[in-house]
Every structure is written in structure tokens, then in C-alpha cells.
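A.B. asks: Numbering (the working numbering), first residue to last: 1 to 115. Cβ atoms here follow ideal geometry from the backbone N, Cα and C, with glycine treated the same way. Since the structure is predicted, the reported quantities are computational estimates derived from the model, not experimental observations.
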Amino acid sequence: QVQLVESGGGLVQVGGSLRLSCAASGIAFNFAAFAWYRQAPEKQREFVASISVGGFSKYSDPVKGRFTISRDSAKNTVYLQMNSLKPDDTAVYYCSVDRPTGRYWGQGTQVTVSS
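#1: So, with DSSP's three-state summary, where would you put Phe67?
#2: Between which two residues does the beta strand (DSSP E) containing Thr109 stretch?
#3: Please state whether the Cβ-Cβ distance between Ser21 and Ser84 is less than 9 Å.
#4: May I ask which residues mark the beginning and end of the beta strand (DSSP E) holding Lys58?
#5: If Val63 and Arg71 are in contact, beta carbons under 8 Å, what's the gap, nearest whole angstrom?
#6: Which first and last residues belong to the beta strand (DSSP E) in which Val92 is found?
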């Protein structure tokens with residue numbers, strides 16, 4: 001079955017960096033597009049970034065220029081490099097993948113940016 005496992009979250013100071021990882025299994029990685037979403041306390045889950053099969057990436061306006069999404073087919077892993085972190089980036093970050101059977105989510109990883 002499809003499984004997504006996120007890691008790399010933690011506590012970081014304002015202006016710091018983190019790299020999140022999403023290890024995927026149970027799917028044909030090279031034929032799947034992935035996305036990162038985040039959910040802050042008492043807020044709806046929101047789109048952060050996506051990467052297509054061909055490596056084309058999209059970003060939400062709040063993270064554009066600071067975050068970079070990438071994929072490594074040798075490791076079946078998707079990354080989210082987050083730089084210049086702000087307190088508003090504090091959230092649980094989720095990896096997702098769309099398949100014909102539906103959208104799948106990982107368990108999430110907490111990112112906390114302290115000021």
C-alpha cells in the first residue's frame with residue numbers, strides 16, 4: 001500500500017533552516033507527483049509546494065523564494081528545503097501524493113520557529 005513517511009521537523013530560530021524529507025513506498029515513484037501542505041493550530045491545511053513527474057515545481061506565495069521542493073528517484077524521497085524561516089511557518093507539515101485511488105497523506109512532522 002501507499003506509505004509516506006515525513007521526517008526532519010524540529011525547533012528552529014527565526015531565520016534558520018530545516019530540510020524535510022518524505023520517503024515514499026508502495027507507488028511507482030517516477031510516475032507520481034508530490035506536494036507538501038501544512039496546518040497551523042486552529043487553521044485549515046494549506047498548500048505549500050508541489051513537484052511534478054518532470055520536476056516542475058510550484059509554490060504558495062508565502063514561501064516562494066524561501067522554500068525549495070525537490071525529488072530523488074534513487075531514494076524514492078521528496079524534500080522540502082526551508083530557509084529564512086519565520087514564526088508564521090510554524091505548523092505540522094504533511095507530504096501528499098495523488099493516485100487514481102485517491103490522495104494519500106503522511107503522518108506529518110512538526111516545525112516550530114521560535115522568535
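C.D. replies: Short version:
#1: Reduced to three states, the DSSP call for Phe67 is strand.
#2: Unbroken beta strand (DSSP E) run through Thr109: Thr109 to Ser114.
#3: Going by C-beta atoms, Ser21 is not nearer than 9 Å to Ser84.
#4: It spans Ser57 to Tyr59 - the beta strand (DSSP E) in which Lys58 sits, taken as one unbroken run.
#5: Going by Cβ atoms, the distance from Val63 to Arg71 rounds to 17 Å, so no, they are not a contact pair.
#6: Its beta strand (DSSP E) spans residues Ala91 to Arg99.
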